[in-house]
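Only one structure is covered here, and it is reproduced in the block below.
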Amino acid sequence: MTDLYLSQEEFQDIFKNHLKIEVYSKPIESLFSVRSRNKIDFSPYYQRNYVWDETKATYFIESIILGTEIPPLIFFNNSDSIEVIDGRQRFETLARFFDGELSLKRKGLGLLKGLDRKSIKTLPDDVLDVFLTSTMRIIEFEIVNEPKLDPLLQDKVKKEIFGRYNSGITPLKKAEVETAAYIDDEITKSFKVEFEKHGELESHVERLFFRATFDEPSRMKLGDALSFVRRMLVQYRVPVTYFAQGKKGEVLKRLYDQFGDSIDDCSILAPAFLAKVEFVAQLTQFLRDSGLPHNRSLNECLLWGLFVVENEGEELPSTPPTEDFLNAAKVFFTDNFAAFDETDRHFYGPVIRRYNSTIDFYEQQCGISLHIYRAATEESKDNMRELMNSGEAGETISEMESLRLNKPDPTRLSIEDIHKLMTRRKFLVRPPYQRQEVINLPKASSIIESILLGIALPVIFVFKRTNGVSEVIDGQQRLLTILGFIQAEYTNELGKSTRSKNHAFKLRSPRILTEFKGAAFHELPADAQDRIMDFQLFVVTIEERLNEAFDPVDLFIRLNDKPYPIKEHSFEMWNSWVDKEIITALRKLCRKNLGWLYVRVPTQRNFRDRMENEEALAIMSYLSAQVSDNTDFFNDLDLYQKDLRLNTRIKGKNNVTNALIRASESEKGKAEFQEGVKATRRNIKKLRLVLLNRNIEDEKELNAYLEARLNELCHPDKSSNVRRAYQDYYVLWMCLDPLSLEITQFNRLEMYDEIRSIFRFFREVPKDTSDGADAFRNVVLAFHQKYKIEPRRLKLSELEKANLIRDQENECSISGAPIFVGDEIHVDHEQPLATGGADDASNMGISHPDANLRKGAKVSDK
839 MTDLYLSQEE FQDIFKNHLK IEVYSKPIES LFSVRSRNKI DFSPYYQRNY
889 VWDETKATYF IESIILGTEI PPLIFFNNSD SIEVIDGRQR FETLARFFDG
939 ELSLKRKGLG LLKGLDRKSI KTLPDDVLDV FLTSTMRIIE FEIVNEPKLD
989 PLLQDKVKKE IFGRYNSGIT PLKKAEVETA AYIDDEITKS FKVEFEKHGE
1039 LESHVERLFF RATFDEPSRM KLGDALSFVR RMLVQYRVPV TYFAQGKKGE
1089 VLKRLYDQFG DSIDDCSILA PAFLAKVEFV AQLTQFLRDS GLPHNRSLNE
1139 CLLWGLFVVE NEGEELPSTP PTEDFLNAAK VFFTDNFAAF DETDRHFYGP
1189 VIRRYNSTID FYEQQCGISL HIYRAATEES KDNMRELMNS GEAGETISEM
1239 ESLRLNKPDP TRLSIEDIHK LMTRRKFLVR PPYQRQEVIN LPKASSIIES
1289 ILLGIALPVI FVFKRTNGVS EVIDGQQRLL TILGFIQAEY TNELGKSTRS
1339 KNHAFKLRSP RILTEFKGAA FHELPADAQD RIMDFQLFVV TIEERLNEAF
1389 DPVDLFIRLN DKPYPIKEHS FEMWNSWVDK EIITALRKLC RKNLGWLYVR
1439 VPTQRNFRDR MENEEALAIM SYLSAQVSDN TDFFNDLDLY QKDLRLNTRI
1489 KGKNNVTNAL IRASESEKGK AEFQEGVKAT RRNIKKLRLV LLNRNIEDEK
1539 ELNAYLEARL NELCHPDKSS NVRRAYQDYY VLWMCLDPLS LEITQFNRLE
1589 MYDEIRSIFR FFREVPKDTS DGADAFRNVV LAFHQKYKIE PRRLKLSELE
1639 KANLIRDQEN ECSISGAPIF VGDEIHVDHE QPLATGGADD ASNMGISHPD
1689 ANLRKGAKVS DK
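First residue of the sequence shown? That's 839 in my numbering, and the numbers climb one at a time after it.
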């Protein structure tokens, strides 16, 4: 049999000696010509699905029209076709816009509001010309000087490149993006001063609003605190039902910008905010002393309510709270504390309950009606529409040129050149809007290994100011990684010599160059050191003197905001490198049952398919592959109780990744995981049997029925707004995996009610249960025991067989044909063991062999 797996030497040789890399640019009009489109495959199977929403897609198109630098497309030339290895989201967005399938949305337009609702057919001619002539930078890989590789081996090379371009992304957090966006905001700066000057404000905010429990260690960063302040300053202006739906992001941003424009003296805001926070701190301390636990959801609602009362022109409660106020709060929140339960705290229902309870409390205490804050009225809806349609519409198309970047071509600089440049010139590697150095050692090692293999890295963007300081806009993590590994320093903006956080680190677990594992730069062979120092980086330098209107913060945000990176232990990543047969089997199984079996509804509005449905099947396949007679059935699932509710999760998704690595590197590992996939296929058949209890001929109607029955099964006491989760499928796996298909067929009707009862126990553990997790395991094991297949242990003696033939009056127990002692015979279980029959003499008969074989697992007529 052909070896399907590249040896270490073969893989290394291809990357070192037979991989041609070409860098070029192409106008969009040329890239999307008919001939070019016919050659380019932007969605090979190892690519994840298209996940960008219309806002992100619009933002990207606007960036191109503005001339903003964007990451290059990574192509792999197969000679017959060209596959997009990295950049599928960008390429497909361009294709959709080019084909007229995408219209620009106002929410995604940062500057050119005049392009709202424009499609490629309705773009003004001058803008259309700018779009079509804009160039896309392309890095193209091709295997040369090599006999044509086996398709599976070539597939391995492509996926290795894909993984290197997609696993190194460390996405910006929301607070990090906001830190950049509000770097010059006067209100933010005033609060930052207050936080740094007065420790009590930071202490209160961190303790009250960022800890799930009172004793939890601090995780809050200053950026998180400032983001919280900006939200609380304006959230009261949005009806509860509106922001409970998750629609608050863009609205609150607009409200905050509007609020900032109306403030003349920012210095008064922080003391007033501190006074409210101190009031909440004193009130919640009293509630804790009275026996109520720490609850950040309650604390946040109390603070929000103070803004509501103030907005109504009412006098705020005094600080410290009066004794009457404290006693009233104690009675109210003791009676209504369940409304502030933190389970699913971000879901619609819990948000509505806790904010409405807060309104009830403040209405009672202040004697006023606050109904307008509960739900959106026609007036508030009109205000929201006006707010979302207002703004920078004055940025007309004619003004676009003043915003466009004077875009230079990238310069090729060796790492040695970069080092000299950064030593000689002042470099601001971490401008204020940049995050701290966050790259971990495995990712840093992967970057160095890519350099040693000659795989091109993404472009580095630098803004050269007129004062001589060069500001790194994008590529900070890569630069610091390289400088840290070669043990080099750089001169910062103050003229001081500075080191990377990972200075002099050693390579950790390289995937291909395993001989360099644990090596520091000076420990590498001389030729490897030379390869690193001679490696060419692409650097785009944007000069301030040529781009007076250029805002480096805008470019930073455009390059980093909402990148939708591929998570490390996810199907999106597994899909990119796991053995093709396994991935194909899982994706096929998912598509076949997607009409009713899903974690995320694939048809919902603005659905971004992050391949979670395939991921759930992959995890269940892993679980089935792990189960054996010597393994605890629950070993790979973490089952724990929170209040009266149970939760379960896989103990480590990295274990799934490791199993898939074995499946992609050895035939034994592949066979083991394939058995898990087969078990998942059987489990889906069993689940379908349990769900279906009547005749349905129409496929669409059948899928709808199975979908509804599955929702009722997993959420027995919830009639609407059912939200499925991975743990629903873990519980189903616990119930069904050990059972035979045959026994499920015979007991399917009663099984539905029993599994539903198991889910009811899972959702709400009986109050008198001492250990809910342990009790749940026993419930599941009892279910297994009830439908267990008895092993075939009983063996009849020759005398017992002869007596059975006489008791049957010499008739075959299956066909009724004459049968005698001396015939070739089979011992037949009248009710098969596979369907729950007992392994004892009362369930046995003597039959002719051919009759027994024809019977199979059917129940005898006898």
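All C-beta atoms in this analysis are idealised placements derived from N, C-alpha and C, irrespective of residue type, glycine included.
A straight line joining the alpha-carbon of Ala1497 with that of Ala1509 spans about 11 Å.
Contiguous beta strand (DSSP E) elements confined to the region 1605-1685 occur at 1664-1667 and 1682-1685, taking only those with 3 or more residues. Look at the beta carbons and you see the region 1172-1180 touching the region 1134-1141: at least three pairs across the two are nearer than 8 Å. The way I'd put it, the region 1479-1496 doesn't touch the region 1427-1439; fewer than three beta-carbon pairs between them come closer than 8 Å.
A contact is defined here as three or more CB-CB pairs under 8 Å, and the region 1054-1072 fails this definition with respect to the region 1163-1171. In the displayed model, Leu869 falls within a helix according to three-state DSSP. The three-state secondary structure of Asp879, taken from DSSP, is strand.
Straight across, the Cα-Cα distance linking Tyr1020 with Asn1305 is about 23 Å. Under the DSSP assignment, Asp924 falls in the beta strand (DSSP E) whose first and last residues are Ile920 to Asp924. The beta carbons of Val1067 and Phe1029 sit closer together than 7 Å. Assignment of beta-bridge partners to Val1310 by DSSP yields Val1300. Excluding the 5 residues flanking it on each side, His1622 has same chain C-beta neighbours closer than 6 Å at Pro1576, in chain order. Taken atom to atom, the span from the alpha-carbon of Gly1654 to that of Phe1599 is near 49 Å. For Met1572, there is no enclosing beta strand (DSSP E); the enclosing alpha helix (DSSP H) covers residues Tyr1564 to Leu1574. Secondary structure of Thr1261 (DSSP, three-state): helix. Secondary structure of Asn915 (DSSP, three-state): strand. Taking C-beta atoms as the reference points, Ala1542 and Ile859 fail to come closer than 7 Å. Under DSSP, Ser863 takes part in a beta bridge, and its partners are Arg975. In this structure, Cys1650 and Ser1685 form a Cβ contact; the two beta carbons are roughly 5 Å apart against a cut-off of 8 Å. Taking the Cα positions, His1184 is about 11 Å away from Arg1191.
The alpha-carbon of His1664 is positioned some 16 Å away from that of Glu1647. The region 1415-1425 and the region 1336-1343 do not touch, with fewer than 3 CB-CB distances between them shorter than 8 Å. Counting C-beta atoms within 10 angstroms of its own C-beta, Ile1320 has 16 or more neighbours from the protein chains shown and is therefore classed as buried. Taking C-beta atoms under 8 Å as the contact rule, Glu1161 and Leu1154 fail to qualify, at a distance of about 17 Å. Val861 and Ile977 do touch by the CB rule: their CB atoms are close to 5 Å apart, below 8 Å. DSSP places Phe1376 in the strand class (E or B) of the three-state scheme.
Of the residues Ala933, Ile1210 and Ser881, the one whose Cα lies closest to the Cα of Phe913 is Ser881. Straight-line measurement puts the Cα of Glu1353 at about 16 Å from the Cα of Arg1369. Take the alpha-carbon of Leu1384 and the one of Pro910: they are about 23 Å apart. In the DSSP assignment, Ile1285 falls within the unbroken alpha helix (DSSP H) covering Leu1279 to Leu1291. In this model, Thr1017 and Asp1612 are separated by some 46 Å (Cα to Cα). A check of alpha carbon separations from His1360 across Leu1375, Ala1342, Ser1347 and Asp1372 identifies Ala1342 as the nearest. If you draw a 10 Å sphere on the C-beta of Asp1566, you find 16 or more other C-beta atoms in it, and that means buried. For Lys1480, the uninterrupted beta strand (DSSP E) run begins and ends at Leu1475 to Lys1480, by DSSP.
Rounded to the nearest whole angstrom, the CA to CA distance from Thr1582 to Arg1547 is 17 Å.
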